[in-house]
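Residue numbers (my numbering), protein chains in the order written: chain A, 1 to 398; chain S, 1 to 398; chain L, 1 to 398; chain Y, 1 to 398.
Before any comments, here is the structure.
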């Protein structure tokens, strides 16, 4: 395959956020460029103009395209000739800024790759979805765990019926880094993620439970019906939840659980999911992502390793691998796979072809709305003594 | 230590249930005799008199003491001289028979080791507790997983404050053996365990969720406050739940989850528990019982192996080991540890010393009541759309 | 199955060694009696008469049969009526005493279960083998790891040709307990095991490499041809090896490696073996004995769990299980399986039937000779700069 | 840090080899560019001129710099102005071509990153080392596993004395892909790797045992003294070894073992190493590279996870991480770390600063000579019945 066929050139990337001290901005730039299908050429790297400028050299961004605001960036890039202008904008700012940047970028006609949760609240998300629908841009949301080859493998195993009817989905995402009041110690990440003004209505549930929930949705395609949720802030003084558990009823009768913690000592990014189907069961864990445990009664347990050449891998799984089994691929490669899938659509679009909007290989704007709805209903349920609240949203049915 | 000091002799065991085709009867006899502190001398091995007789030789029970009913057994043994008479009765029958056997044995003055769940329903359990309280016998309930050395280790780690305040307990017990309608295929175990008349109000929740719940209680001592539960029978035609999840609020504000499944392909006896305290977090899994993962922020993860000679083991943990680290101990040894703890009390009692009644090293009649209450409230909650129901029971406070 | 059919009674056991402070004596008594097919009735528990007497109550041995020497024991037991007399003698003394006790017991007509290494040196072993051959007793050697169900599973997988031709066997047994000069700190186990007068010509290689070597022999049946070995005593002042590695050429061209260490910090009883056949490869590890990894190119890796009811288990594997998968069985149960196999032959013999002598399910006197030859040749090779020395012994071909 | 300080610009990369069908060429280009410190601008991608041209677009190499031979490439690049000219050449051809390309590139004044084994034979390697010594270029050899953060962590743990004196190193690299005669099935990789004319004197030992050996050298710094080796070709008709085991005596008295297999069913790239020091022992495995097991007698086992922010990580280990613990880094990131270390020296050199030659963070030309010497002596030893041959080489002492 050539680079970004049929476009046959690298895509030009701009980054919003990601200035000095950021973690996820660097991840976006590495992931986007990993397969040599994009290059980072512009950025509005910080809301602080000086830091925005100072951060550019590290990214190899020329001074002329190191903008001091996203508005300036969009305006300036639009003024450039088409063959120099950026193709897409990656948004790696705190949550409360996503909406305005994304909306402006989409309206300016740029493709967008946006961090999750997509927006500050559901209203913004629904509004943004409408904007995207009315545009012809590609909009990808970085539920990056969906880029792991074995996650894609599972998706196709379910779709193809290999697991039978899905009865149960158990997902948990366990961390320990907010065990103490880091937000009181001037830790930048902790500060905004525990601040309702910047993070949104939920803490752990907005930050990581959404990943766990999305992972189950992405793998199984089960449509949610209702949720009952229980959130807690165990660390004294904390304004947003640092622990919670949600029970989900799916439309087909399946039961789901999503548990998220940021107060579990020593736990890192322990996202784990188990799926029970009538024909087989699966277990996958992000910290050891090259193994998928597949079990069927009466057979020895199987460890499916990420192996692009193996007949036990399906096209979605194998297609997301870069190297043979035994040489592990990990976080950056999975993140890059999300970009790769988005690039496929961006290249199509740039060459005048129509693009997919729903159920894309990459998580998208519809997933973003679902995620915000999940957060909203979990918070509401928790506030109403874990009442059962609806979890159906039309975004799940385009 | 001598055998059953200060009694200085083996204890004489009788077994009710455990006839041909039974699994757990054999386990009781091996576990009870493993340390040479008891010998099996009598039995009422089946409700079918012929099978009761025929099963005796395998256990090495003399024909004269192979009784055809528990009533006959209790009467005959009482008629024997004290120095030949049985010391205790182990009950390994289907659930609905536990109560009558246990009550009769206690009233006859025999110590009892009873399978869980303790009785058919809560009323029986409360009644039995009263009977036991008014007796001077030892009553142990076979929540056998509490006999694992590292489970005991955890109990003392919590008690001693090593983990700080407990915030969360996540327990699950996942099996796959009832994925299909085994009960329609004349499988004896499946038949009674899915039959409300013999198993009680719950299926998976009575059989295995009670273990998971009890394990959390045993390890942490947290007092439960409320429960919200969701039960399902996924296999068509099944009368009792084969899957369910419960959320528990503890009095101290901690959150718990208990999930049980019997419909997860290929899963065996996957009882796993995670505990989050303010000072450390733990993970233990029954299928790999000689390892306990202990994590604290800022430190490398620790694998505590069952090691009686190690300074990182506490007395409760070390005291439950028979051999040095690296030679695994497993299911039978854990089960035997429950017996060992009960024997300590039986020997005390036989020598005229007072015995403990509550918070014993072995799980006891109070735990049995709590278990039956848990089942009752889970079923009720599930029937009321997962309503929050009380989970406080006075049995937790003697 | 009845108890010890066709004999239909428990076998009577005597224990030599195992006095206070012993580890392995207790293991023998628990393992032998675990299935209720034997009872411990007599003992010569220590070479120190007082300790021999004092140790008896813990084992439930009556004072009258608590002998002060093995000679006294054999004489006295022979003087008893046949229906009271012991059936077998278990030898759990330091290595240098094995020979005299075993020879005397065999000559007295008693069956023997002897700790490994079988004797102090090869000459004793060969002599003992002749004595056993000329007797009609059962002689079992406690290479206890061969009792694990999945070890037996492997043996039949190889025998049946499921793995094809065997090309390679890699075994290692890694411990850390002799990292420091424990022998200078009055630790009894360390003292005799590092003393050439009591342990024999080798330290780690006599104590644990023999297990690793035997495990490969037991699993594959490959006949050894030559060995090149390198032994070291890393701890200053130690007289016997605490580390070593041997390369083995098998007759069929396969290559083997055996590595043993007692100086690897924190390692417990990490006996691990990997086998490569032309049709499949295996990995098994004693510290996690309920899992066997089975791999074949082009297929997902398989985890064979100890599961008596599974069609993927063969009769030898399944027959060594007591309980269904997911409830782990471990060290004691494996040790007991060795006894069970020996009991089968003892019962046959007691009822006048002929018994097997070679390639028994339990490891036997021939294995003992092979083990002593392995030790001798390893030490000799190491002394000759790791020269290749023969490893063929006629004991491998009865 | 700026990009390639003090040079402050991206380095320009050329790739030799890596044409269509290649695996490792793509790896080099991704790894080199991952951190945005280099860009691939030129290539001689195949010895077949048509394929060389056709492969260029995939790499984003302009047609004008898609050369049809490395000679043409070196000449043409030298003719370019300095600020366009390539900075370094990455060599990803079959082994027998390494030498001529590397020598020419070095003589032309270009830095080199060369695949291992460095050359076809030792003579070439020694010659190349002289050439490099007499140049001022940076020469890195892609023993890529040394780029894993936890491998670097181990190196510093040893250097700093944390493990005490090293007694033993056990390394193995187990694969299964050459279990059958793939070379007869027109599989390109298999064809050249099993062909003595292109691969060199050894098969598995040249391809993967060198990695295992190098890993031990890199981690411990132990100087080798002698080797005894046993090689086999188990697959009928194969000309080079597909299995082998070597025992190594180190100068300090430590013992090492290196085992390599390409005929172990289902094994992928199972490179594993265990190190025993007087103060602690370690275990690391490439397929699960984010965990390092650290054990010390008397303490719970420790799992050191790759965590740049943890105090238990040393500067070398932490410095090789890109993201916090729990988000796994893997093969590409490790490979990129090798490039990063080489870039540091290239940038120094380009700015006129002197560069390191020996004991660099990246594996270098000295390591390459040692590797070729290891291969030569292993083959020779195997041919002489596993005789002990010297393994000291002056390259280990610059």
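All residues carry an ideal CB built from backbone N, CA and C; glycine is no exception.
Residue i at chain S interface by Cβ criterion, 8 Å
i	result
residue 160 of chain Y	no
residue 192 of chain A	no
residue 405 of chain Y	Not covered by the structure: residue 405 of chain Y. The range shown for chain Y is 1 to 398.
residue 294 of chain Y	yes
Closest residue to residue i among the options (Cα-Cα distance)
i	options	result
residue 97 of chain S	S/59, S/164, S/45	S/45
residue 304 of chain L	L/290, L/78, L/236, L/229	L/290
residue 340 of chain Y	Y/23, Y/92, Y/144	Y/144
residue 11 of chain A	A/242, A/76, A/88	A/88
residue 131 of chain Y	Y/152, Y/55, Y/108, Y/166	Y/108
residue 371 of chain A	A/90, A/218, A/147	A/218
residue 193 of chain S	S/185, S/203, S/184	S/203
Rounded C-alpha distance that separates residue i from residue j
i	j	result
residue 1 of chain A	residue 348 of chain A	Model confidence at residue 1 of chain A stands at a pLDDT of 45, short of 50, so the residue's coordinates are unreliable; what they give is reported in the following sentence. Cα to Cα, residue 1 of chain A sits roughly 14 Å from residue 348 of chain A.
residue 126 of chain A	residue 228 of chain A	22 Å
residue 335 of chain A	residue 79 of chain Y	40 Å
residue 48 of chain Y	residue 70 of chain Y	11 Å
residue 378 of chain A	residue 253 of chain S	19 Å
residue 201 of chain A	residue 385 of chain A	17 Å
residue 249 of chain L	residue 168 of chain L	9 Å
residue 311 of chain A	residue 298 of chain L	7 Å
residue 156 of chain A	residue 162 of chain A	8 Å
residue 380 of chain A	residue 330 of chain Y	40 Å
residue 195 of chain A	residue 285 of chain A	29 Å
Beta-carbon neighbours of residue i, restricted to chain Y and to distances below 8 Å
i	result
residue 179 of chain L	278, 297
residue 319 of chain A	Simply none; closest approach about 15 Å.
Own chain partners of residue i with C-beta closer than 6 Å, once the 5 adjacent residues on each side are dropped
i	result
residue 129 of chain Y	365, 369
residue 258 of chain S	171, 209, 212, 213, 246
residue 264 of chain A	174, 176
residue 267 of chain A	174, 175, 176
residue 149 of chain L	306, 317, 320, 321
Same chain, Cβ closer than 7 Å to residue i, neighbours up to 5 away in sequence not counted
i	result
residue 301 of chain A	293, 295
residue 136 of chain A	349
residue 328 of chain L	290
Proximity test, Cβ basis, 8 Å: residue i and chain Y
i	result
residue 266 of chain L	yes
residue 205 of chain S	no
residue 242 of chain A	no
Under 9 Å by beta carbon: chain L residues contacting residue i
i	result
residue 399 of chain S	Chain S is shown only over 1 to 398; residue 399 of chain S falls outside these bounds and no answer can be derived.
Chain S contact residues for residue i, given Cβ-Cβ distances below 7 Å
i	result
residue 34 of chain L	30, 34
residue 301 of chain A	266
CB contact below 8 Å: residue i versus chain A
i	result
residue 384 of chain S	no
Short CB-CB distance (under 8 Å) between residue i and chain L
i	result
residue 168 of chain Y	yes
residue 395 of chain A	no
residue 392 of chain Y	no
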